[in-house]
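From first to last, the protein sequence lines are chains A and B. Mind the numbering: the first sequence is residues 35 to 410 in my numbering, read in order. Mind the numbering: the second sequence is residues 35 to 410 in my numbering, read in order. Encoded as structure tokens, the structure appears first; notes follow it.
Protein chains: 2
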Amino acid sequence: MSEKKFTLLKKDPSSRARVGILNTAHGPILTPVFMPVATQGVVKTLDLKDLETVGAEIILSNTYHLYLRPGHEHIRKLGGLHKFTGWDKPILTDSGGFQVYSLANLRKITEEGVEFQSHIDGSYHLFTPELVIEIQEAIGSDIIMPLDECPPAGVTKAYAEKSLQLTLQWAERSKKAHKNETQWLFGIIQGSIYEDLRIRAYEELNKIGFDGYSLGGFSVGEPKNIMWKLVEKLTEIIPEDKPRYLMGMGTPEDLVEGVARGVDMFDCVMPTRNARNGTLFTSTGRLNIRAKTYESDLSPVDKECKCPTCRNYTRAYLRHLFKAEEITVMRLATIHNLYYYLHLIKQMRKAIIEGKFMQFREEFYRKRGEEPPPLS
Amino acid sequence: MSEKKFTLLKKDPSSRARVGILNTAHGPILTPVFMPVATQGVVKTLDLKDLETVGAEIILSNTYHLYLRPGHEHIRKLGGLHKFTGWDKPILTDSGGFQVYSLANLRKITEEGVEFQSHIDGSYHLFTPELVIEIQEAIGSDIIMPLDECPPAGVTKAYAEKSLQLTLQWAERSKKAHKNETQWLFGIIQGSIYEDLRIRAYEELNKIGFDGYSLGGFSVGEPKNIMWKLVEKLTEIIPEDKPRYLMGMGTPEDLVEGVARGVDMFDCVMPTRNARNGTLFTSTGRLNIRAKTYESDLSPVDKECKCPTCRNYTRAYLRHLFKAEEITVMRLATIHNLYYYLHLIKQMRKAIIEGKFMQFREEFYRKRGEEPPPLS
Chain A
35 MSEKKFTLLK
45 KDPSSRARVG
55 ILNTAHGPIL
65 TPVFMPVATQ
75 GVVKTLDLKD
85 LETVGAEIIL
95 SNTYHLYLRP
105 GHEHIRKLGG
115 LHKFTGWDKP
125 ILTDSGGFQV
135 YSLANLRKIT
145 EEGVEFQSHI
155 DGSYHLFTPE
165 LVIEIQEAIG
175 SDIIMPLDEC
185 PPAGVTKAYA
195 EKSLQLTLQW
205 AERSKKAHKN
215 ETQWLFGIIQ
225 GSIYEDLRIR
235 AYEELNKIGF
245 DGYSLGGFSV
255 GEPKNIMWKL
265 VEKLTEIIPE
275 DKPRYLMGMG
285 TPEDLVEGVA
295 RGVDMFDCVM
305 PTRNARNGTL
315 FTSTGRLNIR
325 AKTYESDLSP
335 VDKECKCPTC
345 RNYTRAYLRH
355 LFKAEEITVM
365 RLATIHNLYY
375 YLHLIKQMRK
385 AIIEGKFMQF
395 REEFYRKRGE
405 EPPPLS
Chain B
35 MSEKKFTLLK
45 KDPSSRARVG
55 ILNTAHGPIL
65 TPVFMPVATQ
75 GVVKTLDLKD
85 LETVGAEIIL
95 SNTYHLYLRP
105 GHEHIRKLGG
115 LHKFTGWDKP
125 ILTDSGGFQV
135 YSLANLRKIT
145 EEGVEFQSHI
155 DGSYHLFTPE
165 LVIEIQEAIG
175 SDIIMPLDEC
185 PPAGVTKAYA
195 EKSLQLTLQW
205 AERSKKAHKN
215 ETQWLFGIIQ
225 GSIYEDLRIR
235 AYEELNKIGF
245 DGYSLGGFSV
255 GEPKNIMWKL
265 VEKLTEIIPE
275 DKPRYLMGMG
285 TPEDLVEGVA
295 RGVDMFDCVM
305 PTRNARNGTL
315 FTSTGRLNIR
325 AKTYESDLSP
335 VDKECKCPTC
345 RNYTRAYLRH
355 LFKAEEITVM
365 RLATIHNLYY
375 YLHLIKQMRK
385 AIIEGKFMQF
395 REEFYRKRGE
405 EPPPLS
């Protein structure tokens, strides 16, 4: 077992961007990192070999889904999620909280925990902070999250404050319940759009003591400029030697802006979910491959891309497969989008190491005919 | 362009099984051969690399589907189906007749041809023997079929005879319309379960002159013993130097029995379609991986199988993916089933070359705890 350790390798001189190395029980990961989402223990449409092809270094699985199916005790019995899936690199699991709020049928939030009905069979369940830690220990993930409450966009400060109070109580109980010392336990910073709540959240979590910090509630739909200001504030006060994880974000632009502000870890369903409906990311922006304009287009999705989809298939053929509703193309599109995201992350790491991150950022926007947004 | 040539390499001394080599404009194929079905220009769930992995030597595409979407003129404009899909090995296309009868919404069969409504948008179309040849020339497939009428199971002899008459008229018109000398044009032998009609069908087609013979109407549901008797009769009278293609069949047992009776070519949706609903073929028989019994089964689908699915995944994990409705597993199952079929074909070729086909057949049934059916 390797020690839990996060080491900075390089800091960009003109931004907060940084490259680090995070050790886990299943090997090290370089940061910044993007984590493909493997909700039910598989990245939708892909297999293990594909994950290698796209360059995945760590995947994210959803505690809520795995708890319901196949069940954490079942996963424990079969040797943990790594053994069950065959994926032997690091895994991060979320707390299940976000899914309970967004997917489950009913809910009641009390101090004890959150009660919900399964979206699969309507059965009743109660997630407590202690159970959520136990589930993630059974799953055997390398980086785990405590149960939190994630307030929706547009809540009042009073609501946000009350919600944060619960999240902090649960954080304390989670820390107490957590016994597996090889797992990284992150604290989740909530507080909606209120800077003072966000700062208090960090300070209280810091007192409890966590291995890293998740910035929660940033993917609920608040305006981007408000969000980036808060991220800047938080990466200013979180100590440099703690990894920072911006949960559930985002677009390629979000990755670039997050990295510029000192974020180390990202996850999002966007590259995989969009792939399945035909939205593809390229060096010059997005395209929807289903559009008539690609009907006879014999060029690859992205001329700059070296993924197997771009090397072997034309836009015309991929469009045909989408129009014909062929499953094959969902995988080919997923491979492309994840390769694009993971390649983007690698390019950023390289640029930081070479001291050229701001140049890279400039160039990234230039290719899509845009100006970089202001950095404070 | 290679010459159209079918050469027998070896004949089994104790059965009609034989190994041959069939030259096409896109390279040679060894027979017996199994052709995975790529209805819309793709084997469902797979990509080109997967086809290589499973050992596909030739694929079958459906004229009916490609004519409707993306359209044969579109395929012609983009350089033919090989260029459009990136598959550079041989392609066989069917005549579209079977799909018109089984998939399209309405139909009227006249001497001129068959009128139908598209299953996609309800538009009206007329397939004539001449158009069907033209479509397949535009597609650029290596082996093509003439339009035929395939009578359903249980028809009277009078019906079968009238239907055969039409198929033979259409065969003659097809032969006349066919200009691309590099494409193999097969004659389709119909005649339902009536031996004299089947023999007459062959004789009339022989007078017209075809490059090979398709045995049609064997997958419509007639009793197997009747069917095998007819196949035996036909492979007795068709000259040895003509390839014989048993259309739309079948199970692994059908492949073994077909080969034993001198069939050279097979196609069927069974390995691919069954894979997508969880039915997997193994050396000891079939299994449905969705069954509860595999919930904690850490063994591979088939211990004897060397496909990537069996090498990398457990039954327990594959079952989980099916229960969780993950698309990934449809591909993993398709890879396994096609690998199984194509490996079975290769094993039979090897056994024939070594003069041990009947031994192989015995062993094939022994592993599934069965006796081989009688061979006349």
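Don't be surprised by glycine CBs; every beta carbon is placed ideally from N, CA and C.
Can you give me the C-alpha to C-alpha distance between A:S136 and A:I178, rounded to a whole angstrom? Sequence index remark: in the first sequence, residue 136 of chain A carries index 102 (1-based). Sequence index remark: in the first sequence, residue 178 of chain A carries index 144 (1-based). Roughly 20 angstroms separates the two Cα atoms.
Which residues share a DSSP beta bridge with A:R141? Locating residue 141 of chain A in the first sequence gives position 107, where the first residue counts as 1. Beta-bridge pairing links A:R141 to A:F150.
Proximal residues of chain A, C-beta to C-beta of B:E107 below 7 angstroms: Locating residue 107 of chain B in the second sequence gives position 73, counting from the first residue. Result: empty, since nearest Cβ-Cβ is about 11 angstroms, beyond 7 angstroms.
Rounded Cβ spacing between B:M283 and B:S48 (contact assumed at less than 8 angstroms): The residue given as residue 283 of chain B occupies position 249 in the second sequence. The residue given as residue 48 of chain B occupies position 14 in the second sequence. Cβ atoms of B:M283 and B:S48 stay farther apart than 8 angstroms, at about 22 angstroms.
On the premise that B:G246 lies in contact with B:K209, defined as a C-beta separation below 8 angstroms, what is that separation, rounded to the nearest angstrom? As a first step, residue 209 of chain B is located in the second sequence; it is residue number 175 there, counting from the start. As a first step, residue 246 of chain B is located in the second sequence; it is residue number 212 there, counting from the start. Rounded, the Cβ-Cβ distance is 13 angstroms, inconsistent with contact.
Residue environment, B:D176, which counts as buried when at least 16 other CB atoms sit within 10 Å: Numbered from its first residue, the second sequence carries residue 176 of chain B at position 142. Buried, because 16 or more other Cβ atoms sit within 10 Å of the Cβ of B:D176.
Using CA coordinates, which residue listed in A:M261, A:L64, A:H99 and A:M69 is at the minimum distance from A:E291? Your numbering for residue 291 of chain A matches position 257 in the first sequence. Comparing Cα-Cα distances from A:E291 to each of A:M261, A:L64, A:H99 and A:M69, the minimum goes to A:M261.
Here's the rule I'm using: 16 or more other beta-carbon atoms within 10 Å means buried, otherwise exposed. How should B:R349 be labelled? What you label residue 349 of chain B is simply residue 315 of the second sequence in a count that begins at 1. By the neighbour-count rule (16 or more Cβ atoms within 10 Å), B:R349 is buried.
How far does the alpha helix (DSSP H) with A:L268 in it reach, from first residue to last? Looking up residue 268 of chain A in the first sequence gives position 234. Its alpha helix (DSSP H) spans residues K258 to I271.
Buried or exposed (CB count within 10 angstroms, at least 16 for buried), A:Y193: Reading the first sequence from its first residue, position 159 is the one you call residue 193 of chain A. A:Y193 comes out exposed.
Is there a Cβ from chain B that is less than 8 angstroms from the Cβ of A:N322? Reading the first sequence from its first residue, position 288 is the one you call residue 322 of chain A. No, because no Cβ of chain B sits closer than 8 angstroms to the Cβ of A:N322.
Does DSSP put A:R307 in a helix, in a strand, or in coil? On the first sequence, position 273 is the one that residue 307 of chain A refers to. A:R307 falls in the helix class under three-state DSSP.
First through last residue of the alpha helix (DSSP H) which encompasses B:H212: Taking the first residue of the second sequence as 1, we reach residue 212 of chain B at position 178. B:H212 -> no alpha helix (DSSP H), and no H or E assigned at all.
8 angstroms CB neighbourhood of A:A211 in its chain, flanking five on each side removed: The residue given as residue 211 of chain A occupies position 177 in the first sequence. Counting only Cβ-Cβ distances below 8 angstroms, and skipping sequence neighbours, we find P163, E164, I167 and E168.
Indicate whether at least one CB of chain A lies closer than 8 angstroms to the CB of B:H153. Along the second sequence, one-based indexing puts residue 153 of chain B at 119. Judged by the 8 angstroms Cβ criterion, B:H153 is not in contact with chain A.
If we ignore side chains and look at the alpha-carbon of each, how far apart do B:I143 and A:R353 end up? In the second sequence, counting from the first residue as 1, residue 143 of chain B sits at position 109. In the first sequence, counting from the first residue as 1, residue 353 of chain A sits at position 319. Cα-Cα distance, rounded: 34 angstroms.
Which term fits A:D275, buried or exposed, when burial requires 16 or more other beta carbons within 10 angstroms of its beta carbon? The sequence position of residue 275 of chain A within the first sequence is 241, counting from 1. Exposed, because fewer than 16 other Cβ atoms sit within 10 Å of the Cβ of A:D275.
Complete runs of the alpha helix (DSSP H) confined to the region 97 to 123 of chain A [at least 4 residues]: Unbroken alpha helix (DSSP H) runs of no fewer than 4 residues, entirely contained in the region 97 to 123 of chain A, are found at 97 to 102, 106 to 111 and 115 to 119, following chain order.
Which parts of the region 274 to 351 of chain B are runs of the alpha helix (DSSP H), unbroken and 4 residues or longer, counting only runs that do not cross its ends? Runs of the alpha helix (DSSP H) inside the region 274 to 351 of chain B: 286 to 294, 304 to 310 and 342 to 346.
Any Cβ of chain B within less than 8 angstroms of the Cβ of A:Y347? Your numbering for residue 347 of chain A matches position 313 in the first sequence. Answer yes: the Cβ-Cβ gap between A:Y347 and chain B drops below 8 angstroms somewhere.
What residues from chain A crowd round B:R360, counting only those whose CB sits closer than 7 angstroms? Here residue 360 of chain B corresponds to residue number 326 of the second sequence, with the count starting at 1. Going by the sequence as given, residue 360 of chain B is Glu instead of Arg. Q74, V76 and K78, listed in chain order.
Are the region 97 to 110 of chain B and the region 330 to 340 of chain B touching, with three or more C-beta to C-beta distances below 8 angstroms? no
Identify every residue that forms a DSSP beta bridge with A:F220. Here residue 220 of chain A refers to the residue found at position 186 when the first sequence is read from its first residue. DSSP output for A:F220 lists A:G246 as bridge partner(s).
Cα separation between B:L314 and A:N96? Within the second sequence, the letter at position 280 stands for residue 314 of chain B. Within the first sequence, the letter at position 62 stands for residue 96 of chain A. If you take the alpha carbons of B:L314 and A:N96, they lie about 29 angstroms apart.
Between the CA atoms of B:E146 and B:L43 - distance to the nearest angstrom: The residue you call residue 43 of chain B lines up with position 9 of the second sequence. The residue you call residue 146 of chain B lines up with position 112 of the second sequence. Rounded to whole angstroms, B:L43 to B:E146 spans 42 angstroms at the Cα level.
Alpha carbon of B:V67 to alpha carbon of B:E91, nearest angstrom: Reading the second sequence from its first residue, position 33 is the one you call residue 67 of chain B. Reading the second sequence from its first residue, position 57 is the one you call residue 91 of chain B. One C-alpha to the other measures close to 8 angstroms.
Bridge partners for B:F5 per DSSP, in chain order? With chain B running from 35 to 410 in the structure shown, residue 5 of chain B is simply not present.
When we look at the beta-carbon of B:G312 and count the other beta-carbons within 10 Å, is it buried (16 or more) or exposed? Translated into positions along the second sequence, residue 312 of chain B becomes position 278. Flag for B:G312 reads buried.
In chain B, what lies closer than 9 angstroms to A:S333 by C-beta? In the first sequence, residue 333 of chain A corresponds to position 299, counting from 1. Under the 9 angstroms cutoff, chain B gives no residues; its nearest Cβ is about 12 angstroms from A:S333.
Contact belief for B:D84 with B:I369 at Cβ below 8 angstroms, rounded distance in angstroms: In the second sequence, the residue the question calls residue 84 of chain B occupies position 50. In the second sequence, the residue the question calls residue 369 of chain B occupies position 335. Yes, they are in contact, since the Cβ atoms of B:D84 and B:I369 sit about 6 angstroms apart, within 8 angstroms.
Who are the neighbours of B:G120 on chain A, taking C-beta pairs under 9 angstroms? The count along the second sequence starts at 1 and reaches residue 120 of chain B at position 86. At a beta-carbon threshold of 9 angstroms, the residues of chain A lying near B:G120 are N346, Y347, T348 and Y351, ordered along the chain.
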